[in-house]
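**Student:** The numbering of the sequence shown is UniProt numbering, which starts it at 1 and goes up by one. Glycine residues also receive a C-beta, built at the ideal position from the N, C-alpha and C atoms. Quick caveat, the model's predicted, so the values are computed rather than measured.
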Amino acid sequence: MSDSDEATAIQLIIDGTEVTGHAGQTILEVADSAGIYIPRLCWLENLTPFGACRVCVVRVNGRIHSACTLPATNGMVVENDTEELRGFRKNLIDMLFAEGNHFCMFCERSGACELQALAYRFGITAPTYPALFPHREIDATHPDILIDRNRCVLCARCIRASKESDGKGVFGFAGRGIQKHLIVSAEGGLAETNIDASDAAISACPTGTLLRKRTGFAVPVGERPFDRTPIGTEVESTTGPTPPHPSTPTSTPAPAGKE
1 MSDSDEATAI QLIIDGTEVT GHAGQTILEV ADSAGIYIPR LCWLENLTPF GACRVCVVRV
61 NGRIHSACTL PATNGMVVEN DTEELRGFRK NLIDMLFAEG NHFCMFCERS GACELQALAY
121 RFGITAPTYP ALFPHREIDA THPDILIDRN RCVLCARCIR ASKESDGKGV FGFAGRGIQK
181 HLIVSAEGGL AETNIDASDA AISACPTGTL LRKRTGFAVP VGERPFDRTP IGTEVESTTG
241 PTPPHPSTPT STPAPAGKE
């Protein structure tokens, strides 16, 4: 955002509440600054918005848009927390679980996984769709990093972080449709790339697809990021008490396939 954009204040309405932002901000950024949480999965601060996951979709003047990519403009009327959009997002999350092999009780990212946390927030306690149980390649060639493609949700956060934050371009996509999958830049696997365990690309992963070896289960249950703090609280708490989310447990029960 340029200095001139910061100087240009705009006003819009999100779920009936008038909020103020600046020209150059996206709807998601304005909502965050106002303490209004718009669920997201492929978006990550300081990375170029991708708009692929569709979890952040909102209605703007009656039309569906991705909140992470659409610039906010003066006078916009945005619908975010509606029954229709909650159902749409819940359905997307549900399908992501069906499309991959997300056995949360065995995953090192349980309690710190954004996909799992979104499932809790939307009250997903059992799968709706039959699981596809794909057989995807696991790359354990690197001494410090593991790729488990069975958990990949194609958010492209690692791709963007590797290019934009690490300056390396280690990751990419290949294939189309249900065959689309994560690849690395080297023929011989991850071990042949210049990735390092400290790279931002590893931390950018919202699931257990990219893992640092020898660090699993280091944080006790009850102390993991989402054990007692629902996802989105970090946004909602910026303007006051967090509104209750009845569908989100205050501890960590285990809905089907999730610990």
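Have a look at Leu211, Ile159 and Cys68 and flag the residue whose alpha-carbon is nearest the alpha-carbon of proline 143.
**Tutor:** Leu211 is the residue among Leu211, Ile159 and Cys68 whose C-alpha sits nearest the C-alpha of proline 143.
**Student:** At what residues does the beta strand (DSSP E) containing glutamate 192 begin and finish?
**Tutor:** Unbroken run through glutamate 192: none, as it is neither H nor E.
**Student:** Going by other Cβ atoms of all chains shown within 10 Å of its Cβ, with 16 needed for buried, is tyrosine 129 buried or exposed?
**Tutor:** Residue environment: tyrosine 129 is assigned as exposed (fewer than 16 neighbouring CB atoms within 10 Å of its CB, all protein chains considered).
**Student:** Alpha carbons only, please: which of Ala23, Arg54 and Thr73 is nearest the one belonging to valine 153?
**Tutor:** Arg54
**Student:** In this structure, does DSSP put phenylalanine 173 in helix, strand or coil?
**Tutor:** strand
**Student:** Below 8 Å between beta carbons: does that hold for glutamate 108 and glycine 216?
**Tutor:** Yes.
**Student:** Closer than 6 Å by C-beta to arginine 136: which residues in its own chain qualify, once you throw out the five before and the five after it? Chain order, please.
**Tutor:** Arg149 and Asn150
**Student:** Under three-state DSSP, which class holds aspartate 148?
**Tutor:** strand
**Student:** Beta-carbon within less than 7 Å of threonine 8's beta-carbon, same chain only, minus the 5 sequence neighbours each way: which residues are those?
**Tutor:** Result list for threonine 8: His22 and Ala23, in chain order.
**Student:** Taking the straight line between their C-alpha atoms, what separation do you get for residue 278 and valine 78?
**Tutor:** Past the edges of the chain, shown from 1 to 259, lies residue 278, and the structure says nothing about it.
**Student:** Closer than 6 Å by C-beta to residue 276: which residues in its own chain qualify, once you throw out the five before and the five after it? Chain order, please.
**Tutor:** Outside the modelled stretch of the chain, which goes from 1 to 259, sits residue 276, for which no answer is possible.
**Student:** Starting from arginine 89 and walking both ways along the alpha helix (DSSP H), at which residues does that stretch end?
**Tutor:** 83 to 99
**Student:** If you measure between the beta carbons of glycine 189 and aspartate 139, is that distance less than 8 Å?
**Tutor:** yes
**Student:** Could you say which of Asp227, Cys56 and Val60 lies nearest to arginine 89 if we only look at CA atoms?
**Tutor:** Cys56
**Student:** Cutting at 7 Å between CB atoms, please list the residues of its own chain near proline 49, excluding the five before and the five after it.
**Tutor:** Thr26, Trp43, Cys68 and Thr69
**Student:** Helix, strand or coil for alanine 9 per DSSP?
**Tutor:** strand
**Student:** Taking only three categories from DSSP, how would you classify threonine 17?
**Tutor:** strand
**Student:** Beta carbon of phenylalanine 171, beta carbon of valine 184: below 8 Å?
**Tutor:** yes
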